[in-house]
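Colleague: This is the structure I have questions about; it appears just below.
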Amino acid sequence: MSEMDTDKMKNTLRNEVIIGKAHLLDLEMLVPDRPMRLLAMGHMGTNSAPTSDNPKVEPLSAIHYLVVGAGGDMHELMESIRKIKEKVPRLKVILADSLETPMFPANQENKPAGVERIIYVSKKMSDASRGLLYHKAGILTGCGGSLACGVAFTLADKIGNDATVAFTITNFDLKTLDQLQQ
């Protein structure tokens, strides 16, 4: 990435959506000319890129699809998914897992409660997603975030309506869930 691109990214205002106490980034630049929204959620650093002064405040029910990367503590991940589904039953939770080293077995009948579908992502797709997220949006993420990001991009490409797709750039845990609900 050139220094000019980096400077432009640092000075570009990001649009934020606030749900509870969570600040989600609206990544409209990654889905141009699409009627749907792509939101990234996770723990944002204090010195991150500037955001707009008038973020949208929305309820948790504004999210139609939540793509969660398989990572972190499995039991806390499953508990967080169960609790968010209790809060918003119509929310479709999609679990993005590693194809090469899955956290969950490849048998869809054994998927965790509350998960609509598990999608297995290759390392190559995960790495490409991480690169796209960094180069186009200036966001760094780890393994779970790059898994979720790749599935969210694919889902966004297939959705033709006004849906909102949120994806995790950090582990989805009880702390993240708590931020969404307050």
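Using the numbering used here, the first residue of the sequence shown is number 5, and each one after it goes up by one. By construction, the Cβ of each residue, glycine as well, lies at the ideal position given by its N, Cα and C atoms. Note that the structure is a prediction, hence the values are computed from the model and not measured.
#1: Which one or two residues does DSSP pair with LEU29 in a beta bridge?
#2: Please report the distance separating the alpha-carbon of GLY24 from that of THR180.
#3: Runs of 3 residues minimum, wholly inside the segment 94-177: which ones carry the beta strand (DSSP E) assignment?
#4: Is it right to say GLU20 is buried, meaning 16 or more other beta carbons lie within 10 angstroms of its own, or is it exposed?
#5: Give the range of the beta strand (DSSP E) segment to which LEU70 is assigned.
#6: Excluding the 5 residues flanking ALA156 on each side, which residues of the same chain have their C-beta closer than 7 Å to its C-beta?
#7: Mind checking which residues open and close the alpha helix (DSSP H) that includes LEU81?
#8: For the candidate residues HIS79, MET40 and THR158, whose alpha-carbon lies nearest to that of LYS115?
#9: Rank SER65, MET40 and LEU29 by C-alpha distance to the C-alpha of ASP161 and give the top, closest one.
Modeller: This is what the structure gives:
#1: GLU20 and ALA44
#2: 11 Å
#3: For the segment 94-177, whole beta strand (DSSP E) runs of length 3 or above, ordered along the chain, are 96-102, 119-125 and 168-172.
#4: buried
#5: 69-73
#6: LEU42, VAL71, VAL169 and PHE171
#7: Going by DSSP, LEU81 is part of the alpha helix (DSSP H) stretching over 78-91.
#8: HIS79
#9: Cα-wise, what sits closest to ASP161 is MET40.
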